[in-house]
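Enquirer: Take a look at this one; I'll ask things after.
In our numbering, the protein residues as written are 323 to 749.
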């Protein structure tokens, strides 16, 4: 331990360098945001929205992620057509969180509240609570027809996936542009960014590279349409993985292929779904996170972990299991988010969650002194993270845990105290 500490380059001479503790750090939690699905909240009143944001703030979060503002469902109307032929489907239901002027969304059912504008209620509640809202675009269930084997083509050689993807990309981009026009002036500071709804995974043919690079190219162009519409606002993407389809290294290579086409920026967020819902062990969770972080870091993206709060049977994940999964990747993630506190731990949504919700709060808000990376233990990794933070080369997952001098300033004095604690811990 002493030799590891000696290897830390920054000495306590940096005591003059300091940064104020963030204003809300006394309430900072391990998790910065949580996903919220539209089917749950589209008819919430203004009061109910405010309750949700207030409860999320009390849990240490600074944002919620609205998974999608438009949800489109389809049924295949031509049984003789290929399953991947998007034109062979009819829309059976459509919901939108705001009144869109786009022809493609003219048939959407709207909220029963606020003349159909649920998104305005969400944004106003976020602003009132000093929070932010990430806004997802269009969820189209035809997405799940693709990604299995090599992309199919029609008799005339048209790739069904490329055809659907072009239509989807255009609609998602227009939704982003419409939201910016409609809400940007009033809620520009409240909109944290946008969420890319199509959930990518380790597609077998793409990871084996037997698809001729088609998936990476098509997906990269699809992503680019939303990136272009975002302007300077960040885009969050949150892919998942199925360990039965490839290995972790192949998935990392697949993302490297996508990055050759997709023009991500340094403000964008790669929020890897940790696999906890598939009952992956912490060791497997770390292996896959490392592979994707390597690819994302090469592009300069912000790398977050999206911790899944459900089990294989979709029951709420025990807090002990959530904690083990978080600890497995705490040193890799710039931040941790959840899918989903709202749905699996929040008693406002389900009163039966009161006990596990209280246990979650205790875990989310309680830190060991010096545990700035939030992995539940104080170690040399915290000193490394703190050093990078003071040099302006990183962030602290739990800044309040680093204020060891209790003066609301983070500086070299705190780092010195942390090093002394680690030396004492080692004796």
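Cβ atoms here follow ideal geometry from the backbone N, Cα and C, with glycine treated the same way.
Just so we're clear, the structure is a prediction, and the values are computed from it rather than from any experiment.
Is residue 348 buried or exposed, if buried means 16 or more other CB atoms sit within 10 Å of its CB?
Expert: Note that residue 348 scores 39 on pLDDT, short of 50, meaning its location in the model is unreliable; the coordinates nonetheless yield the value given after this. With fewer than 16 other Cβ atoms within 10 Å, it is exposed.
Enquirer: Please classify residue 550 as buried or exposed, where buried requires at least 16 neighbouring CB atoms within 10 angstroms.
Expert: It is exposed - the Cβ of residue 550 has fewer than 16 other Cβ atoms within 10 Å.
Enquirer: Would you identify the three-state DSSP class for residue 404, choosing helix, strand or coil?
Expert: Note: residue 404 maps to coil in three-state DSSP.
Enquirer: Alpha carbons only, please: which of 594, 409, 697 is nearest the one belonging to residue 561?
Expert: The option with the nearest alpha carbon to residue 561 is 594.
Enquirer: In angstroms with no decimal places, state the Cα-to-Cα distance between residue 729 and residue 722.
Expert: Distance between the alpha carbons of residue 729 and residue 722 is about 11 Å.
Enquirer: Below 7 Å, is the gap between the Cβ of residue 366 and the nearest heavy atom of the ligand MG?
Expert: In the structure shown, the ligand MG is absent, as is every other ligand, since no ligand is present at all.
Enquirer: From residue 708 to residue 424, what does the alpha carbon distance come to, in whole angstroms?
Expert: Their Cα atoms are separated by approximately 48 Å.
Enquirer: Mind reading off the beta-carbon distance from residue 362 to residue 665? Whole number of angstroms is fine, and I expect it under 8 Å.
Expert: Their Cβ separation, rounded to whole angstroms, is 7 Å, which keeps residue 362 and residue 665 in contact under 8 Å.
Enquirer: Give the straight-line distance between the Cα atoms of residue 521 and residue 592, rounded to the nearest whole angstrom.
Expert: Those two C-alpha atoms are separated by around 12 Å.
Enquirer: Within its chain, find whatever has a CB closer than 6 Å to the CB of residue 405; leave out the 5 residues flanking it on each side and keep chain order.
Expert: Taken in chain order, the residues that qualify are 467.
Enquirer: Could you give the residue range of the beta strand (DSSP E) that holds residue 458?
Expert: Taken as a continuous stretch (DSSP letters only), the beta strand (DSSP E) holding residue 458 covers 454 to 458.
Enquirer: According to DSSP, is residue 608 part of a helix, a strand, or is it coil?
Expert: Residue state, collapsed to three classes: helix.
Enquirer: Roughly how many angstroms lie between the CA atoms of residue 358 and residue 746, to the nearest whole one?
Expert: Computed Cα separation, rounded: 43 Å.
Enquirer: Taking the Cβ atom as the reference point for each residue, do residue 504 and residue 433 lie within a distance shorter than 8 Å?
Expert: The answer is no: Cβ separation not under 8 Å.
Enquirer: To the nearest angstrom, how far is the alpha carbon of residue 608 from that of residue 367?
Expert: If I take the Cα positions, the gap works out to 40 Å.
Enquirer: Which residues does DSSP list as the beta-bridge partners of residue 630?
Expert: Bridge partners of residue 630: 661.
Enquirer: Within its chain, find whatever has a CB closer than 8 Å to the CB of residue 648; leave out the 5 residues flanking it on each side and keep chain order.
Expert: Same-chain partners within the cutoff: 352, 627, 629, 658, 696, 697, 698.
Enquirer: Name the two residues that bound the continuous alpha helix (DSSP H) containing residue 558.
Expert: Segment 557 to 559 is the beta strand (DSSP E) holding residue 558; no alpha helix (DSSP H) there.
Enquirer: Check this for me: beta carbons of residue 617 and residue 678, under 8 Å apart or not?
Expert: Not in contact: residue 617 and residue 678 (Cβ atoms no closer than 8 Å).
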